[in-house]
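A quick write-up on the structure given underneath.
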Amino acid sequence: MSVDTDTVRRIAKLARLAISDDGLAPMAQELNVILGWVDQLNEVDVSAVEPMTSAVQTSLKKRSDTVTDGHIQEAVLHNAPLTEHGFFVVPKVVE
Amino acid sequence: MTDLTELSLAQARDGLRGKKFSAVELTDAYVAAMAAARLLNSYITETPDRARDMARASDGRIASGQAGALEGIPLGIKDLFCTKDVLSTAGSHILDGFKPAYESTVTANLWREGAVMLGKLNLDEFAMGSSNETSYYGPVVSPWRRTGDTAKLVPGGSSGGSSSAVAARLCLAATGTDTGGSIRQPAAFTGIVGLKPTYGRCSRWGIVAFASSLDQAGPLARDVRDAAILLGVMAGHDPKDSTSVDRPVPNYEAALTGNIKGMRIGIPAEYRVDGMPQGIEAMWGRGAKWLREAGAEIVEISLPHTRYALPAYYIVAPAEASSNLARYDGMRYGLRVAGKDLIDTYEKSRSAGFGAEVKRRILIGTYVLSAGYYDAYYLRAQRVRTLIANDFRAAFEKVDAILTPATPSPAFAIGERNDDPIGMFLNDVFTVPANLAGLPGISVPAGLSDDGLPLGLQLIGKAFDEETVLRVAGVLEEAAAFTARPDSWWRS
Chain A
48 MSVDTDTVRR IAKLARLAIS DDGLAPMAQE LNVILGWVDQ LNEVDVSAVE PMTSAVQTSL
108 KKRSDTVTDG HIQEAVLHNA PLTEHGFFVV PKVVE
Chain B
594 MTDLTELSLA QARDGLRGKK FSAVELTDAY VAAMAAARLL NSYITETPDR ARDMARASDG
654 RIASGQAGAL EGIPLGIKDL FCTKDVLSTA GSHILDGFKP AYESTVTANL WREGAVMLGK
714 LNLDEFAMGS SNETSYYGPV VSPWRRTGDT AKLVPGGSSG GSSSAVAARL CLAATGTDTG
774 GSIRQPAAFT GIVGLKPTYG RCSRWGIVAF ASSLDQAGPL ARDVRDAAIL LGVMAGHDPK
834 DSTSVDRPVP NYEAALTGNI KGMRIGIPAE YRVDGMPQGI EAMWGRGAKW LREAGAEIVE
894 ISLPHTRYAL PAYYIVAPAE ASSNLARYDG MRYGLRVAGK DLIDTYEKSR SAGFGAEVKR
954 RILIGTYVLS AGYYDAYYLR AQRVRTLIAN DFRAAFEKVD AILTPATPSP AFAIGERNDD
1014 PIGMFLNDVF TVPANLAGLP GISVPAGLSD DGLPLGLQLI GKAFDEETVL RVAGVLEEAA
1074 AFTARPDSWW RS
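Chains as they are written, first to last, in my numbering: chain A, 48 to 142; chain B, 594 to 1085.
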């Protein structure tokens, strides 16, 4: 499988990364080198193998459904690039 | 008084308890060493004032008989750990100005036992790299140089600030994280000990996430005993990390009995890779001989899917990274570059905030997870991962631990390998399998290359059997008697 510049444009959009038109072809080339190398996994017969989903088999612990924190508005907003009246300020989303 | 920075963590701990010197004196020695070593670029943020405050508090607790396990011990913290009110960057421009309102569980455990924070250590951006050259804050320089050569060498990565600082005596020990070798490879490059615990042994809460099914915190230290002491404090169950395991934390220091009589140590045939320098092959053989002389039995084993570990890793890790790094959108913290609308602001912020290596991995991860490719790449890689874990499971029915080289080469020069991403990935060929299988691994300095650079041997153990790993590592360390040190050319 080989990646072309349209695919790079599409996945960059999905990843919310802006890539200039000049940058598309070199990036496609870079990705193809890596994807070509990982293609060696196709040599392995995995038809009867379950995918590994966690490194250590454990059952998830349960905890009581109680509030453990809250009322920390100042701490939540403290690193925001822009705030107003106790809210995050973001670019206009709805026209 | 002798130079306090020459003491090991265990020696410093005993000296503090015996009141031979104060925690403030010890911390001052490190603050001075740190300030005189800025050429190495090991620290992104130095916190000398906080360190002195913490040291004063430690002296108070020592005086009143309330000393913790690491009371007064000055440590460096990889800047992937969130530290309350202290800039936490992950080596990335996108976290500009980020001062967490909370403390990572691992660092909180260290402070609870009295450790002193010297500062935040440089790293590859979001821990993505094997040479510490991808940091927004510039490359870290290794204190080591080749014999008769002044070329600046990499300290390994991604915990390159940690390895450089420990090797140059700019902290007593450091925290690191290891997703594909990021503790063990830099430790091997700088002649120190690096331990990646079993997945789940240490909490990941408050550590900036790279690949969540692989990331694990661990210590970089001057010797095996120091690593054991640190792990004992870093490890433990944390309700805030559902993958952290609720089982008792053993006394790891007590595991260092020096007795490995009757143990079976596996030598995996598949780790003899093409082009491995003769010096590394020879050191591996010496390591096996040392363990045999100490009473262990050396057993040839096979881990047949080893060669597929790296390509599987370079699907799984970028896939998880692309998902984890989706949170950096410039809205709630870090860098925001204003655009014409919301989407444009996201794209501008992320494009300005992430470096080239991080972008490349996000794109690979997005691609392998995208519609139509998920089964061919991600699911296949996860199946291969099962095969790799099964290889280890079968091997551990025959042996107690596995001995391999830590890296396929010694450290290289800064800039030397930047044109070849796959060549850079190959640094981690011996360390990645343990991450995929979730197993503990340690790198122990075992000799010097022909050009005078440190080389490490790796031991891989069964899940949650850090004690055996540490015990065998202790024997290896004693037999290797690695005492070489870099000249302090960097000191100003």
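Positions of the beta carbon are idealized from the N, C-alpha and C atoms, including for glycine.
- In this model, residue 903(B) and residue 721(B) are separated by some 14 Å (Cα to Cα).
- If you ignore the 5 residues before and after residue 705(B), its C-beta comes within less than 6 Å of no other C-beta in its own chain.
- Contact note: residue 64(A) reaches chain B through 940, 943, 944, 947, 952, 955, 956, using a C-beta cutoff of 8 Å and chain order.
- If you look at residue 882(B), you'll find it isn't in any beta strand (DSSP E); it sits in the alpha helix (DSSP H) that goes 871-886.
- Here residue 1026(B) is buried. Its C-beta has 16 or more other C-beta atoms within 10 Å.
- 832, 835, 836, 838, 839: these are the residues of the stretch 822-840 of chain B whose beta carbon lies less than 8 Å from some beta carbon of chain A, given in chain order.
- If only uninterrupted beta strand (DSSP E) runs of at least 3 residues are considered, those enclosed by the stretch 981-1047 of chain B are 994-998, 1034-1041.
- In the three-state reduction of the DSSP assignment, residue 926(B) falls in the coil class.
- The contact set of residue 96(A) on chain B, defined by CB atoms closer than 7 Å, consists of 976, 979, 980 in chain order.
- Per DSSP, residue 710(B) lies in no alpha helix (DSSP H); the unbroken beta strand (DSSP E) holding it starts and ends at 709-714.
- Short of 6 Å from the beta carbon of residue 958(B), and not among the five residues preceding or following it, lie these beta carbons of its own chain, in chain order: 911, 912, 914, 915.
- Secondary structure note for residue 73(A): its alpha helix (DSSP H) is the uninterrupted segment 68-85.
- Taken in chain order, the unbroken stretches of beta strand (DSSP E) that lie wholly in the stretch 819-873 of chain B and span 3 residues or more are 857-861.
- Residue pairing by DSSP puts residue 813(B) in a beta bridge opposite 767(B), 787(B).
- By the C-beta criterion, the stretch 1041-1059 of chain B is judged not to be in contact with the stretch 895-902 of chain B, since fewer than 3 inter-stretch pairs fall below 8 Å.
- Separation of residue 966(B) and residue 97(A) (C-alpha to C-alpha, rounded to the nearest whole angstrom) is 18 Å.
- Within the same chain, 718, 721, 722, 727 come within 7 Å of residue 950(B) by CB-CB distance, once the 5 residues on both sides are set aside.
- Uninterrupted alpha helix (DSSP H) stretches at least 4 residues long and entirely within the stretch 655-689 of chain B do not occur.
- For residue 109(A), the nearest beta carbon of chain B is not closer than 8 Å to its own beta carbon.
- Here residue 87(A) is exposed: its Cβ has fewer than 16 other Cβ atoms, across all protein chains shown, within 10 Å.
- In the DSSP assignment, residue 119(A) falls outside any alpha helix (DSSP H) and carries neither an H nor an E.
- With respect to chain B, the C-beta atom of residue 88(A) has a partner C-beta closer than 8 Å.
- Interface annotation for the stretch 914-934 of chain B against chain A: 915, 918, 919, 922, 923, 924, 925, 926, 927, 928, 929, 931, 932, 933, 934, criterion Cβ-Cβ distance under 9 Å.
- Your pair residue 711(B) and residue 675(B) does not check out as a contact, with CB atoms roughly 17 Å apart and the cut at 8 Å.
- Contact check for residue 800(B) against residue 756(B) fails: the beta carbons are separated by 8 Å or more.
- A Cβ-Cβ distance of about 7 Å is found for the pair residue 749(B) and residue 724(B), placing them in contact under the 8 Å criterion.
- Annotation: residue 105(A) is outside any alpha helix (DSSP H) and is labelled neither H nor E by DSSP.
- Contact between residue 714(B) and residue 636(B) is confirmed by a C-beta separation of about 6 Å, below the 8 Å threshold.
- Using beta-carbon distances, residue 967(B) does not count as an interface residue toward chain A, since no partner is under 8 Å.
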